[in-house]
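Below: one structure, written as structure tokens.
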Amino acid sequence: MDEERRKDIFNGDAEGALGFLAAKKDADDMFFYKYPVDNEGILTRLFWADSKSCADFSVFRDVSVFDTTYKINKYRKPLVVLAGVNNHLNSTVFGCALLSNERIETYEWVLSTFVEAMKGRKPVAVMTDGDSAMRRAIKNLLPDACHRLCSWHLHRNARSNIRCEEFSNRLYNLMARKCSTLEFENRWVRLVNECGMVENEWVKKLYRRRKLWAKDYLRGHFFASMRSTQRCEKMNAFLNEYLNEKMRLYEFVRNFDLAIAWLRHTESKAVHTSENTKPVLTTILPELEGSAAEVFTRNVFFMVRKHLNRQGLLISEGWSEDGGSRTYYYSKYGGHEISWRVDYDRSMEKLICSCMKFESKGISCSHMFRVIVVKGMNRIPEAWIFKRWTKGVYCTNNGMKAFVTNEQLTQMTRYDTLKSSCNTMCYYASYMDDAFNDLQQMFDKHSVDLKEKWIERGYRGDGFAMDSRVRNDRSKRTFGLLIPGCPGLKVITSM
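Numbered by our numbering, the letters in the sequence shown go through residues 307 to 801 in order.
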């Protein structure tokens, strides 16, 4: 097939994809997409993010994952997925970009467009696959962000570059190992010597970047309890279920949207579990455990409970006092060679542990819980609860207001109130046949009636009324869309 024919096919396909995004914009006022075309009117880059992605980023921007390793479309165009982790420990997608190349300036466009879509907000910490161009772009545009390399991608790169199974496996274990800087350096020397990799250029380059992947160098930097290996691997496998190399652009954009919808369905189930069920309390500290269950989402609560249980394995090595502060020393039962120090400031209600788990993962460690138990507390103090892991994080985060209107906040509040009321009614009705049937008929009737009113009042697909003054002229939506021969560089933004 000649070059002109390929361009015609790509242009038509791109128009279909952009038409799909325009339709998404019609149903979602906060939907953002942007793309430039070259001198011949050919699409060169495409970025998009919907209102849910923007709202999620406003709450969970403390950690973002930038993965540039996907090329699952017919044109072999690089795909960049910008993702994070929500308060249920589920993956959430902040945005997506399709590119024509993997140059530094291209990634800089992705990052600047991403920040534009997020109304100037920037990630606090970023995790990447190790791509050198992306690393440079992050350094240029996000200089204040803490940067970490994904261990799953590093392990995969080691296997393809080194071809030594022993080295790859031992490297993987070293990346996952909790050890001091000195122990890491000693283990690294043994690893490269015993595997004969002392002069290997790729290995030397990896070592020079050790502060971006070795655990002890990153200790104290918050990465949302993200097990980078597991999360990146799962996201790769998940997207491969929806996307493949035979897909054209329109199919790709549509299927990516379906993938996001499934991720959000998973989140909805997690929200329902956290808000409408209670976990069985299993520790010998039911009041403390119960207070954690009330505050944290279910998946985070399970992590917290694990550390609450582990506090019982700690042995006190004494304490010291200095003014209003007291320092506790602990070691693990059967492992006195390792000890931890917990500083407790009574006046500031502040705990700081030498393990820095709270700073790294946002949850109290077993050593902090031991002090809580020693002090006779039956609730976790407010100062030691990291809000991003709580059930009500969306309600308490001011950043969401940039992406959610007052009308939407009112609707969300009404929805939560009605849902809570219905849950109580459904619980009792589920025990009785007649009550179940009566309630089901009532739901069916009122659903039909309310839907008719919803349509009559001119609500859109997202449930909010269309303002007749800002109805979109669809003829204008096609302006600038990949028309062969259109002069000059065009940048089209819809937001």
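From the three backbone atoms N, C-alpha and C, an ideal C-beta is built for every residue, glycine too.
Rounded straight-line distance, which links the Cα of residue j to that of residue i
i	j	result
R252	D450	The requested residue 252 is not part of the displayed model; the chain covers only 307 to 801.
S364	K358	10 angstroms
T419	K340	8 angstroms
S474	R409	28 angstroms
K331	T583	36 angstroms
M424	C360	6 angstroms
A439	A403	15 angstroms
R616	M738	44 angstroms
G426	D362	14 angstroms
D686	L545	The amino acid occupying residue 686 in the given sequence is Ile; Asp does not appear at that position. When rounded, the distance between both Cα atoms is 38 angstroms.
A328	D740	48 angstroms
D773	I761	At D773 the pLDDT is 40, less than 50, meaning the model places this residue with poor confidence; the figure from the coordinates comes in the next sentence. Their Cα atoms are separated by approximately 14 angstroms.
S753	H571	21 angstroms
I348	D368	36 angstroms
F400	V387	8 angstroms
E346	D563	29 angstroms
V648	D750	58 angstroms
N605	P585	11 angstroms
C728	N407	52 angstroms
E625	I678	Correcting the residue type first, residue 625 is Trp in the shown sequence and not Glu. Answer to the nearest angstrom: the Cα atoms are 15 angstroms apart.
I566	A482	29 angstroms
Q747	S574	25 angstroms
C701	E623	42 angstroms
Any chain B beta carbon closer than 7 angstroms to residue i
i	result
N475	You won't find chain B in this structure, because it holds only one protein chain.
Neighbourhood of residue i by C-beta distance below 7 angstroms, restricted to the same chain and skipping five residues each side
i	result
R311	Any answer about R311 is weak, because its pLDDT of 42 lies below 50 and its placement is not dependable; what the coordinates show is given next. Cβ within range, chain order: n/a, list empty.
F742	A735 and S736
G767	Any reading at G767 is ruled out, since the residue's pLDDT is 48, under 50, leaving its predicted position unreliable.
D779	Unreliable placement is indicated for D779, whose pLDDT of 35 sits below 50; the coordinate value is still reported in the next sentence. Here the set comprises nothing.
F326	Y556, V559 and R560
V498	V504 and V509
V680	none
N596	Sequence check: residue 596 is Gly here, not Asn. The answer, listed in chain order, is L587.
F366	G390, V391, N392, T398 and R694
K517	Y523
R775	A caution first: R775 carries a pLDDT of 31, below 50, which makes its placement in the model unreliable, though a value can still be read off. Excluding positions up to five away in sequence, the list is empty.
E665	G526 and F528
D435	D373, T374, T375, C456 and H459
R676	Q617, L620 and Y636
T589	E595, R611, L614 and N615
K484	K521
Residues bridged to residue i (per DSSP)
i	result
E573	Answer is none; E573 lacks a bridge partner.
F353	K340 and A403
R632	E627 and Y650
F602	T696
H453	V432
K330	Answer by DSSP bridge pairing: none, since K330 is not bridged.
K656	D651
L811	Limits of the chain in this structure are 307 at one end and 801 at the other, which puts residue 811 out of reach.
V802	Shown here, the chain extends from 307 to 801; a query on residue 802 therefore has no answer.
8 angstroms CB neighbourhood of residue i in its chain, flanking five on each side removed
i	result
C732	L745
L448	L417, K428, P429 and V432
I621	Y636, S637, K638, Y639 and H642
M683	L594
R382	E551
Residues near residue i by beta carbon distance below 6 angstroms, same chain, minus five either side
i	result
T487	D522
G322	Y556
N542	none
K663	C671
T412	L405
Within 7 angstroms, strictly: CB atoms of residue i and residue j
i	j	result
E422	A443	no
Y636	H613	no
A355	V371	no
L352	P384	no
A530	F490	no
V601	I468	no
K697	T603	yes
A689	E655	yes
L477	R493	no
S660	G630	no
E471	C501	no
Counting pairs of Cβ atoms below 8 angstroms between the region 633–649 and the region 577–584, do you hit three or more? By the C-beta criterion, the region 633–649 is judged not to be in contact with the region 577–584, since fewer than 3 inter-stretch pairs fall below 8 angstroms.
Could you say if the region 451–458 and the region 391–410 meet the contact criterion of at least three C-beta pairs nearer than 8 angstroms? no
Hey, is the region 496–515 in contact with the region 457–474, meaning 3+ C-beta pairs nearer than 8 angstroms? yes
Quick test of the definition: if touching needs 3 or more C-beta pairs under 8 angstroms, does the region 664–673 touch the region 597–610? With a cut-off of 8 angstroms, the region 597–610 and the region 664–673 count as touching, because enough Cβ pairs lie within range.
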